[in-house]
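Per this note's numbering, residue 1 is the first one in the sequence shown, and the count goes up by one each step.
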Amino acid sequence: MTDIKAALRAQRIETPSWAYGNSGTRFKVFAQKGVPRDPYEKLADAAQVHAHTGIAPTVALHIPWDKVDDYADLARHARDLGVGIGAINSNVFQDDDYMLGSVTNPSARVRRKATDHLLECVDIMDATGSDTLKLWFSDGLNYPGQDDIRARQDRLADSLAEVYARLGDGQRFLLEYKLFEPAFYATDVPDWGTAYAHCVKLGPKAQVVVDTGHHAPGTNIEFIVAFLLREGKLGGFDFNSRFYADDDLMVGAADPFQLFRIMYEVVRGGGLEPETGVAFMLDQCHNIEPKIPGQIRSVMNVQEATAKALLVDREALAAAQAEGDVLGANAVFMDAFNTDVRPLLAELREEMGLAPDPMAAYAKSGYFEKIAAERVGGTQAGWGA
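Below is the structure:
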């Protein structure tokens with residue numbers, strides 16, 4: 001139990017700045033009281049999540065949503081709040097120029113604009129001390145014959161190579177994939193195999209990020225995780241849940257058993273060890289639930305799945321597997337999943353000097369009432385109506 005607590009105490013989960021802003025569906029963005037109006041206020045909210053959970057010390061930024069004049073000052077502000085800047089997320093999907101794609105666009109001018117933005121994000125990494133650039137491309141096709149599929153892969157490879165060459169020592173990029181949306185016929189980075197192939201060709205500073213919502217129903221995500229870990233190409237996660245497509249719901253909400261299975265493969269493959277560099281990031285939009293509690297609950301969900309994964313009796317499991325004991329092996333696995341780990345985590349938090357129930361502690365803190373009263377006027381952060 002001591003080893004399990006040590007692993008849980010060392011776990012780090014990164015929260016996304018955009019989760020603290022207003023978001024919604026394709027039909028409506030819902031405003032809430034107390035929502036941040038700038039990146040500085042987003043960091044203040046993220047610091048609350050870390051203060052109550054103890055394991056969320058970094059915040060991912062999204063450019064240009066979090067654009068400021070002085071990124072070094074923003075990083076100093078984060079440190080003053082007790083958190084740090086995590087991954088820098090690029091945005092080449094919200095400009096009219098990108099209607100037919102960004103780095104895969106038929107237009108050389110548009111491709112240059114998109115790649116320049118990615119290089120700007122590396123500059124921001126330099127200024128903030130971030131070591132990770134996250135790349136997601138909405139590029140794709142809606143109709144057969146719309147563009148040359150192979151040529152688009154060539155253009156993608158050229159842009160990635162230029163960005164890769166710009167990375168400094170200790171920096172990397174994570175390439176994300178998505179089955180579909182907004183492109184419906186062919187997405188340029190639709191699956192882990194495509195992302196993996198590009199990253200292998202580029203070298204060790206390019207890795208794959210697994211967004212748990214970006215898969216077809218029934219996809220065995222834990223197999224993908226196990227494979228990428230085995231190859232040293234799992235760079236990190238974007239944790240969320242989906243019922244139908246990319247719903248961006250709280251991680252563990254739709255299928256907590258799947259999250260447990262994923263985290264078991266992480267534990268089995270050594271992915272909790274710092275030297276593997278696997279980043280555990282949330283990527284969620286809180287449309288109807290309050291922002292900060294939504295992030296606290298999500299961190300707790302990952303913690304609980306990790307604790308259960310750590311409880312798997314690896315020796316008993318290996319013995320059952322070696323004997324071909326199908327039911328025995330499954331029973332070992334299910335025993336860990338069915339264990340109530342909440343008392344263990346409450347005890348751990350008290351040992352860390354935290355309240356045993358982060359949700360209740362935040363509710364009693366008065367922070368929401370404070371920001372609801374103070375953050376009046378100005379423009380709330382969000383991604384549009």
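All C-beta atoms, glycine included, are put in the ideal place defined by N, C-alpha and C.
No experiment lies behind these values; they were computed from the predicted model shown.
By the criterion of a C-beta distance shorter than 7 Å, Thr-339 is surrounded in its chain by Lys-308, Leu-311, once the five residues flanking it on both sides are discounted. With respect to the 7 Å criterion, Phe-30 and Gly-24 are classified as neighbours on the basis of their beta carbons. Val-163 is bridged by DSSP to nothing; it lacks a bridge partner.
Taking a contact to require three or more Cβ pairs closer than 8 Å, the region 61-75 and the region 316-336 do not qualify as touching.
Here DSSP, grouped into helix, strand and coil, assigns Leu-317 to helix. Rounded to whole angstroms, the separation of the alpha carbons of Leu-100 and Arg-152 is 11 Å. In the structure shown, Ser-107 adopts coil according to DSSP, grouped into three states.
Contact between Glu-14 and Ala-78 does not hold, since their C-beta atoms are separated by about 12 Å, which reaches or exceeds 8 Å. Fully contained in the region 102-159 are the following beta strand (DSSP E) runs of length 3 or more, in chain order: 132-135. Here Gln-48 carries a helix assignment [DSSP, helix/strand/coil]. Spanning the alpha carbons of Ser-90 and Asp-247 requires a straight line of approximately 20 Å. Rounded to whole angstroms, the gap between the alpha carbons of Thr-212 and Thr-306 is 15 Å.
The beta carbon of Phe-93 lies closer than 6 Å to those of Ser-138 in the same chain, with the five residues before and after it left out. By the C-beta criterion, the region 271-290 is judged to be in contact with the region 231-246, since at least 3 inter-stretch pairs fall below 8 Å. Around the beta carbon of Gly-382, 16 or more other beta carbons sit within 10 angstroms, so the residue counts as buried. Taken atom to atom, the span from the alpha-carbon of Ala-7 to that of Phe-184 is near 41 Å. DSSP, reduced to helix, strand and coil, places Ile-55 outside both helices and strands of the structure shown, so it counts as coil.
Beta bridge pairing from DSSP links His-62 with Asn-89.
From the listed residues Asp-148, Asp-116, Asn-301, Asn-330, the smallest Cα separation to Asp-188 is found for Asp-148. Out of Val-208, Asp-238, Asn-105, the CA that lies nearest to the CA of Gln-146 is found in Asn-105.
Counted as a single uninterrupted DSSP element, the beta strand (DSSP E) harbouring Gly-236 occupies residues 234-239. When rounded, the separation of the alpha-carbon atoms in Thr-194 and Tyr-143 is 20 Å.
Two segments are said to touch when three or more pairs of C-beta atoms, one from each, lie closer than 8 Å; by this definition the region 159-166 touches the region 113-121.
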